[in-house]
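Reviewing the structure listed below.
In full-length UniProt numbering, the protein residues as written are 1 to 407.
The structure is reproduced here in structure tokens:
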């Protein structure tokens, strides 16, 4: 039971969340966590190969044959549109799977660096608490997406099972070489092949996107926590001074004390600014690591997301032409994937903006000249937007999502 509870929100730290995602991805032979030294069971290789073969037969080979060979003969344009939209929508998760598979070494390196970076966080500190709060939201986001996608696939299969009579997921669907479709044993074979394909599509989609949500959510959490540290850096310096057993500092009396004549005032200034210097150096270092991590994420997924956007636009057009009464189960599946990509991209952008505002709000006017220069450099770096893009063509944001809706 303790192992199962780790999949819940009470365990939202990065190592646990990453282990949760790695556990599910291992079932499709994607081993992303370097901490897991156990090899992928041979059963999962056979299961993945079988499921992939079913998918290729049902949603690639049979779809192409049905749309471009069968329907031109029968003149059934509506059936062609429905199956064409189904085949395209199913490609979205497949593209991400192939990108991770071909870049698995880079993904493992990225996960390893992320975990090593997180290991430097001191538990129980304000930074750690703020980090966990945002990671909890990110894990909740991933869990919600997982439930929606898996639930959508389950309903898609159950609808065919619960409807009286013999039905497939889409009754217009015809698989190559299995006509007549509703005769025994063609019906049973077709149903198993299609159901297996749907399970694979939903499984890949839910878990690969959950991985993207968790790792980008960590960048978001880091930036928000760093912004909070910057906002309180002056108060922390005062607290550090008081804990050192020195004279308390009154905020109202501090202005004008940068040019001190007294020895004690000079000591205060040195202690305060030395502390601030160390804090700014640590924050700047963490900021740079987060920027590098975000670049690695984009480098791995930008091509997949670009293809995903292109596929989605064409699939949505086909779904709408086919009639929502026929494709209402497909539309939320496709939109949820792209919508979540845009959401995580927007959240990272917002976190970068919060960090930029925190630099303005860190009471830099009270710093020494050296620390002022450090804050200025940090501000210049913070003004560069932290974004994820779809192949460098468009930025993942609410604006991009609205553009897709309008199209």
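Glycine included, C-beta positions come from ideal geometry on N, C-alpha and C.
The structure displayed is predicted, hence computed values, not measured ones.
query	result
Would you give the residue range spanned by the alpha helix (DSSP H) that residue 373 belongs to?	369 to 382
Which residues bound the alpha helix (DSSP H) around residue 468?	Missing from the structure shown is residue 468; the chain here goes from 1 to 407 and no further.
Just to confirm my understanding: we take residue 204, look at its own chain, exclude 5 residues before and 5 after, and list those with CB closer than 8 Å. What are they?	28, 93, 94, 96, 97
Hey, residue 273 and residue 25 are a contact pair by Cβ (cut 8 Å); roughly how many whole angstroms apart?	In fact, because the Cβ distance is near 47 Å, the residues do not count as touching under 8 Å.
So is residue 345 buried or exposed if we call it buried at 16+ other beta carbons inside 10 Å?	buried
Using CA atoms only, rank isn't needed, just tell me which of 80, 59, 218 is closest to residue 131.	218
So for residue 128, helix, strand or coil by DSSP?	helix
Note the first and the last residue of the continuous alpha helix (DSSP H) segment covering residue 326.	324 to 327
Just confirm the distance between the C-beta atoms of residue 194 and residue 169, as a whole number of angstroms; I'd bet it's less than 8 Å.	6 Å
Please state whether DSSP places residue 390 in a helix, a strand or coil.	strand
If we count the other Cβ atoms within 10 Å of its Cβ and call it buried at 16 or more, is residue 301 buried or exposed?	buried
Does DSSP put residue 254 in a helix, in a strand, or in coil?	The predicted model places residue 254 with a pLDDT of 43, which falls under 50 and marks its position as unreliable, so this point remains unresolved.
Considering only the alpha carbon of each residue, which of 71, 69, 142, 78 lies closest to residue 12?	142
Which runs of the alpha helix (DSSP H) at least 4 residues long sit entirely within the stretch 41 to 65? Give them in chain order.	42 to 56, 62 to 65
Determine the direct distance from the alpha carbon of residue 178 to that of residue 74, and round the result to whole angstroms.	17 Å
Let's see if you can read the secondary structure: which residues bound the alpha helix (DSSP H) around residue 426?	The chain is shown from 1 up to 407; residue 426 falls before or after that span and cannot be answered.
Could you tell me how far apart the beta carbons of residue 420 and residue 341 are, in whole angstroms, since I believe they sit closer than 8 Å?	No answer is possible for residue 420: it lies beyond the span of the chain, which begins at 1 and ends at 407.
Taking the C-alpha atoms as reference points, what is the distance between residue 173 and residue 315?	17 Å
Can you say whether residue 358 is buried or exposed, counting buried as having 16 or more other CB atoms within 10 angstroms of its CB?	buried
What does the alpha-carbon distance come out to for the pair residue 372 and residue 153?	55 Å
For residue 33, does the count of other Cβ atoms within 10 angstroms reach 16, so buried, or fall short, so exposed?	buried
Rounded to whole angstroms, what's the CA-CA distance from residue 151 to residue 329? Just pull it up for me.	11 Å
Residues in the same chain with beta-carbon distance under 6 Å from residue 221, minus the five sequence neighbours each way, listed in chain order, please.	131, 134, 135
Measuring CB atoms only, is the stretch 112 to 119 touching the stretch 331 to 340, in the sense that at least three cross pairs come out at less than 8 Å?	no
Nearest-angstrom Cα distance between residue 406 and residue 320?	13 Å
For chain B, is any of its Cβ atoms less than 8 Å away from the one on residue 28?	The structure shown contains no chain B; it holds only a single protein chain.
Put residue 385 into one of helix, strand or coil per three-state DSSP.	coil
Kindly identify the DSSP beta-bridge partner or partners of residue 395.	389
Tell me where the alpha helix (DSSP H) around residue 112 begins and ends.	104 to 118
For my contact list, residue 9 and residue 118 are in at a C-beta cut-off of 8 Å; report their separation, rounded to the angstrom.	Wrong, their Cβ atoms sit about 18 Å apart, outside the cutoff.
Would you kindly work out how many angstroms separate the C-alpha atoms of residue 391 and residue 288, rounded to a whole number?	22 Å
Taking the alpha helix (DSSP H) that residue 350 belongs to, which residues open and close that run?	330 to 360
Have a look at residue 70 and residue 191 and give me their C-alpha separation to the nearest angstrom.	20 Å
Ends of the alpha helix (DSSP H) at residue 83?	77 to 89
Please classify residue 156 as buried or exposed, where buried requires at least 16 other C-beta atoms within 10 Å of its C-beta.	buried
By Cβ distance, which residues of its chain are closer than 7 Å to residue 397, with the 5 residues on each side in sequence left out?	342, 345, 346, 349
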